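Undergrad:
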Amino acid sequence: MKIILFDIDGTLIKAGGAGARALNHAVEAMTGHPEACKNIIWQGATDKTNFQNAFEAGSGRKPNKKEIAALTQKYVDRLPVEVLASVKAKKYLKVKGVEKFLIKLSGRKDVMVGLGTGNLKDGAFIKLEPSGLLKHFAFGGYGCDSHHRSEVLEKAVERAAKIACVKIKPGEVFVIGDTHRDVEAAKEAGYHSGAVLDGFGDPQLVMRSNPELMAKDFSNLKPWLIWLGLVKDPKGVRRGTYICPDSPIEHAHYGRTGMDLRDIETGMKKLREAKKKITG
Ligand SMILES: [Mg+2]
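Just so you know, the working numbering puts 1397 at position 10 of the sequence shown, and the rest follows in order with no gaps.
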């Protein structure tokens, strides 16, 4: 069984800032501060963390348990209004190709598709509602499960195992996100990681986090399906190790599909040609 976990914001949809507006509204109602979210760095943090930071930005002190519960309720109450406002303003978008991808995955018996998101469970459902994508997800790990993204993912896998009544090995789990935090969390849990570059992530940080697969979006499904092992790579897959004795890197492991190799081979050919021109 393969478990595929999708992040929400920037990976499935872009909700046009609805989450931040709803949280601002909730913090303002409790502290009077109108723009508590202004200086919060969202990228890949879970809602549990975001809510604490926003409250602290609004009130100047850490919230207690009761206040976090009240803030969460206010956020969830406000979120549908803000999501609807984004839809009306045509700022609610689905990431390119994601619907086709999910339909393809849903048709398979050897695959379980779930959510691995920093959003609260209620928040996740409200945000996904207008997209019509919700029906593809039978389970998930959510921002209310943990402060740590890797634990959120592990929780999702635990729920999948329960539903399917099978044991799931880390190597059978594939995490798809849009920030380096998604990638890092996947690696921390021992899962595979793939990233879309057209979301909210910083491309430099995403690249540095070194996911197994990077693509702009899902408009070309072939690399995604090859990565998931659902389609065979016509050129096969090579794995190995480079030794780099003259650099601070002692060794680097690689696993490349034939499709990547084609790019490397073209690059090497071009380099050789350029060298030949200079040396004759
Ligand atoms: Mg995201």
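The beta-carbon is built from N, C-alpha and C at its ideal position, and this holds for glycine as well. All values derive from a computational prediction rather than experimental measurement.
Would the C-beta of T1398 count as close to ligand 1, meaning under 8 Å from any of its heavy atoms?
TA: yes
Undergrad: Expressed to the nearest angstrom, what Euclidean distance is found between the alpha-carbon atoms of R1495 and F1526?
TA: Rounded to whole angstroms, the separation of the alpha carbons of F1526 and R1495 is 16 Å.
Undergrad: Compare the C-alpha of D1565 against each of G1447, L1600 and F1524 and name the closest.
TA: L1600
Undergrad: Of the residues N1411, I1563 and M1594, which one's Cα is nearest the Cα of L1466?
TA: N1411
Undergrad: Just list the residues that DSSP pairs G1527 with in beta bridges.
TA: L1502
Undergrad: With respect to the alpha helix (DSSP H) encompassing E1417, which residues constitute its N-terminal and C-terminal limits?
TA: According to the sequence as given, residue 1417 is Met; it is not Glu. Per DSSP, M1417 belongs to the alpha helix (DSSP H) from A1405 to T1418.
Undergrad: Under 8 Å from any heavy atom of ligand 1, does the C-beta of D1565 make it?
TA: yes
Undergrad: Are the beta-carbon atoms belonging to I1455 and Q1439 less than 9 Å from one another?
TA: yes
Undergrad: Run the proximity test for F1587: is its beta-carbon closer than 8 Å to any non-hydrogen atom belonging to ligand 1?
TA: yes
Undergrad: Which ranges does the alpha helix (DSSP H) cover as unbroken runs of at least 4 residues, wholly within the stretch 1413 to 1484, from first to last along the chain?
TA: 1434 to 1446 and 1452 to 1475
Undergrad: My parser needs the beta strand (DSSP E) runs of 3 or more residues fully inside the stretch 1553 to 1583; what are they?
TA: 1560 to 1564 and 1579 to 1583
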